[in-house]
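The block underneath contains the structure these notes are about, expressed in structure tokens.
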Amino acid sequence: MVAKAFDAESHEDLARAVDKLTPDEAVYFLTKLEAAIRKRKIQITGYLVAMLTWVLGMMGALVWYGTHDGFVGWVFIAPFAVVGVVLFAFGKWADRAGTPPPPEPSPKV
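This note's numbering puts the first residue of the sequence shown at 1, with every later residue one more than the last.
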């Protein structure tokens, strides 16, 4: 149901479904929804940082290649390695942020 929240056509259906939930269920659903949105934001930020890192790394690699003699072809592999590390780090961060804390039990009267 959380995946449907990202579909623009199902927002009204989602709102009607949340209205029918009990308060505990609504809190649980909204916690999961907020975690999913936070995870997507971190992932998108990671993709943008990785693209920027790749562009800057390739520019640096071209400068290095142009200013040094001998075999320096390895320098074109380095930006991809850095992009891999960036994507891995943002992925781990997104996984941690996308897992909501366990719900606190409601007080029983």
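C-beta: ideal position from N, C-alpha, C; glycine also.
Item, Value
"Starting from the C-beta of residue 61, find all residues in its chain whose C-beta is less than 7 Å away, skip the five residues before and the five after it, and write them out in chain order.", "75, 76, 78 and 79"
"Determine, using beta carbons only, whether residue 72 and residue 50 come nearer to each other than 8 Å.", "no"
"To which residues of the same chain is residue 21 closer than 7 Å at the C-beta, ignoring the five residues directly before and after it?", "29"
"Indicate whether residue 84 and residue 39 have their beta-carbon atoms separated by less than 8 Å.", "no"
"Pick out whichever of 15, 12, 23 and 34 has its Cα sitting closest to the Cα of residue 94.", "34"
"So, are the CB atoms of residue 91 and residue 57 less than 8 Å apart?", "no"
"Determine whether the beta carbon atoms of residue 100 and residue 32 lie at a separation below 8 Å.", "yes"
"Using DSSP with H/G/I as helix, E/B as strand and the rest coil, what is residue 77?", "coil"
"Compute the Euclidean distance between the alpha carbons of residue 59 and residue 25, then round it to the nearest angstrom.", "51 Å"
"May I have the straight-line CA-CA distance separating residue 48 from residue 67, to the nearest angstrom?", "29 Å"
"Which runs of the alpha helix (DSSP H) at least 4 residues long sit entirely within the region 20–52? Give them in chain order.", "none"
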